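Line by line, the protein sequences are chains A and B. Be aware that the first sequence starts at 0, since it is given in numbering that gives the first Met the number 0, and climbs by one per residue. Be aware that the second sequence starts at 0, since it is given in numbering that gives the first Met the number 0, and climbs by one per residue. C-beta atoms are modelled at their ideal positions from N, C-alpha and C, and glycine is treated no differently. Since the model is a prediction, treat every value here as computed from it, not as a measurement.
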Amino acid sequence: MAKLSKIMLVEDEPDIREIASLALTELGGFNLTLCESGQQALDKLPAALPQLVLLDVMMPDMDGPTTLQKLRTMSEMKNVPVIFMTARVQANEVEEYLKLGALGVIPKPFDPATLSTEIIKIWNEFAEKNLTVD
Amino acid sequence: MKDQKPALKEIIKKYTDQLPEKIELIEMNLQQLMAQTWQEQTWHDLYILLHNLMGSSGTYGYMELSQLLRQLEVMVKKSLIQAPSEQDQQQMLSLMQEIKAAVENIVPHE
């Protein structure tokens with residue numbers, strides 16, 4: 000599996016978007032596409048073609064799980080790995096996200112200094128499982 | 000936060016400088032909601048404000064503030080279903096004071 004370099008971050012809260020963006024680009028060295036809503040993510044996905052999507056759960060208009068469901072209907076995105084970022088991390092909630100097809104969950108608040116490392120860890124576990132990503 | 004590059008330091012400072020204003024907005028909303036007839040949507044707006052600030056304050060390194068906001072968020076979430084009791088209102092106002100004190104520790108008045 001290719002090394003992780005292209006990420007899309009979907010987050011409605013500007014302060015979190017700003018610090019996560021810096022953490023992922025400056026500290027993580029990722030090529031990042033930023034989106035402030037689920038709809039914007041769906042619009043940008045075909046051109047951005049990220050290897051991984053970081054998706055906020057609680058967003059107005061279209062929440063994370065709905066965005067994920069819609070994204071799965073796009074032929075080029077049906078297998079793209081998605082990690083949810085959320086403060087709702089009770090066991091039953093995490094189980095629900097995984098059932099929806101999320102690769103993992105990053106709890107909020109997160110530490111910007113270790114965000115990239117956490118993502119790479121989840122990505123590597125995914126790679127080790129030898130799942131196929133188109 | 001273990002690693003603070005100049006750009007990170009800069010946005011943390013910007014966020015920190017805006018904290019008192021954000022807390023003031025939450026306090027004002029809370030007081031207004033308590034003074035008026037209960038409506039789910041208005042409490043929901045406050046819930047979203049609190050939820051976002053809880054997440055962002057912790058991410059910017061202010062864990063104590065984030066935990067206090069979390070407690071208030073839980074109480075406000077209860078108020079989405081029904082009007083808060085007198086006791087709940089007092090508890091929310093008391094938490095609000097703790098939140099203001101936490102912010103005062105982060106951003107002292109000049």
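Task: B:M95, DSSP secondary structure in three states - done: Position 96 of the second sequence, counted from the first residue, corresponds to residue 95 of chain B. Three-state result, B:M95: helix.
TODO: Using three-state DSSP, classify A:G27 as helix, strand or coil.
DONE: Residue 27 of chain A sits at position 28 when you count from the first residue of the first sequence. The answer is coil: DSSP assigns A:G27 none of H, G, I, E or B.
Task: When B:L49, B:Q88, B:Q30, B:G60 are compared against B:T15, the one with the closest alpha-carbon - done: As a first step, residue 15 of chain B must be located in the second sequence, where it is residue number 16. When each option's Cα is compared against that of B:T15, the closest is B:G60.
- [ ] Rounded to whole angstroms, what's the CA-CA distance from A:D110 to B:L92? Just pull it up for me.
- [x] As a working mapping, residue 110 of chain A is identified with position 111 in the first sequence. As a working mapping, residue 92 of chain B is identified with position 93 in the second sequence. Going by the C-alpha atoms only, they are around 29 Å apart.
TODO: Consider the Cβ of B:A101: report whether some Cβ of chain A lies at a distance smaller than 9 Å.
DONE: For the purposes of this step, residue 101 of chain B is taken as the residue at position 102 of the second sequence. So, not an interface residue.
- [ ] Could you have a look at A:L48 and say whether DSSP puts it in helix, strand or coil?
- [x] The residue labelled residue 48 of chain A in the question sits at position 49 within the first sequence. Coil.
Open item on the list: For a test of the three-state rule: what should DSSP assign to A:T85, helix, strand or coil?
Closed with: As a first step, residue 85 of chain A is located in the first sequence; it is residue number 86 there, counting from the start. Of the three classes helix, strand and coil, the one that applies to A:T85 here is strand, per DSSP.
- [ ] Find out if the Cβ-Cβ distance for the pair B:W37, B:Q81 is shorter than 9 Å.
- [x] For this step, residue 37 of chain B is matched to residue 38 along the second sequence. For this step, residue 81 of chain B is matched to residue 82 along the second sequence. Yes, the pair counts as a contact, with Cβ atoms nearer than the cut-off.
Task: A:K120 burial status per 10 Å Cβ neighbour count (16 or more: buried) - done: If you number the first sequence from 1, residue 120 of chain A lands on position 121. By the 10 Å Cβ count, A:K120 comes out exposed.
Open item on the list: Give the list of continuous beta strand (DSSP E) stretches no shorter than 3 residues that lie fully inside the stretch 16 to 57 of chain B.
Closed with: none
Open item on the list: Quick check on A:P45: buried or exposed, where buried means 16 or more other Cβ atoms within 10 Å of its Cβ?
Closed with: Numbered from 1 along the first sequence, position 46 holds the residue referred to as residue 45 of chain A. By the Cβ neighbour-count rule, A:P45 is exposed, with fewer than 16 other Cβ atoms within 10 Å of its own.
- [ ] For A:P64, name the three-state secondary structure that DSSP assigns.
- [x] Reading the first sequence from its first residue, position 65 is the one you call residue 64 of chain A. Note: A:P64 maps to helix in three-state DSSP.
TODO: Determine the contact status of B:L79 and B:L48, defining contact as a CB-CB distance below 9 Å.
DONE: Within the second sequence, numbered from 1, the residue matching residue 79 of chain B stands at position 80. Within the second sequence, numbered from 1, the residue matching residue 48 of chain B stands at position 49. No; because the gap between Cβ atoms is not below 9 Å, this pair is not in contact.
- [ ] At 9 Å on the CB atoms, spell out the chain A contacts of B:Y46, in chain order.
- [x] On the second sequence, residue 46 of chain B is found 47 positions in, with the first residue counted as 1. Under the 9 Å cutoff, chain A gives no residues; its nearest Cβ is about 10 Å from B:Y46.
TODO: Quick one: using the 10 Å Cβ neighbour count with 16 as the cut-off for buried, is A:P49 buried or exposed?
DONE: Residue numbering aside, residue 49 of chain A sits at position 50 when the first sequence is read from its first letter. Buried.
Open item on the list: Contact criterion: CB-CB distance below 9 Å. Does A:F109 meet it with respect to chain B?
Closed with: Locating residue 109 of chain A in the first sequence gives position 110, where the first residue counts as 1. At least one chain B Cβ lies under 9 Å of A:F109.
Open item on the list: Let me see if you follow: with CB-CB separation under 9 Å, is A:D133 close to chain B or not?
Closed with: As a position in the first sequence, residue 133 of chain A is number 134, starting the count at 1. Reliability of the predicted coordinates at A:D133 is poor, the pLDDT of 45 falling under 50, and no value is obtained from them.
Task: Cutoff 9 Å: A:I15 Cβ touching any chain B Cβ - done: Position 16 of the first sequence, counting from 1, holds the residue named residue 15 of chain A. A:I15 counts as touching chain B.
Task: N- and C-terminal bounds of the alpha helix (DSSP H) containing A:K120 - done: What you label residue 120 of chain A is simply residue 121 of the first sequence in a count that begins at 1. Unbroken alpha helix (DSSP H) run through A:K120: 111 to 127.
Open item on the list: Within 9 Å of any Cβ in chain B, is that where the Cβ of A:M61 sits?
Closed with: Along the first sequence, read from residue 1 onward, the residue named residue 61 of chain A stands at position 62. With 9 Å as the cut-off, A:M61 does not count as an interface residue toward chain B.
Open item on the list: Beta carbons nearer than 7 Å to chain B: which residues of the stretch 112 to 128 of chain A have them?
Closed with: A112
TODO: Below 7 Å between beta carbons is the criterion; list the residues of the stretch 17 to 36 of chain B that meet it against any residue of chain A, in chain order.
DONE: none
TODO: Could you confirm whether any beta carbon from chain B is found closer than 9 Å to the beta carbon of A:E25?
DONE: Translated into the one-based positions of the first sequence, residue 25 of chain A becomes position 26. So yes, A:E25 belongs to the interface.
TODO: Taking A:M57 as the query, report the chain B residues whose CB atoms sit under 7 Å from its CB, ordered along the chain.
DONE: Your numbering for residue 57 of chain A matches position 58 in the first sequence. Those are H50, listed as they occur along chain B.
Open item on the list: Between the alpha carbons of A:L67 and B:M53, how many angstroms are there, rounded?
Closed with: Locating residue 67 of chain A in the first sequence gives position 68, where the first residue counts as 1. Locating residue 53 of chain B in the second sequence gives position 54, where the first residue counts as 1. About 24 Å.
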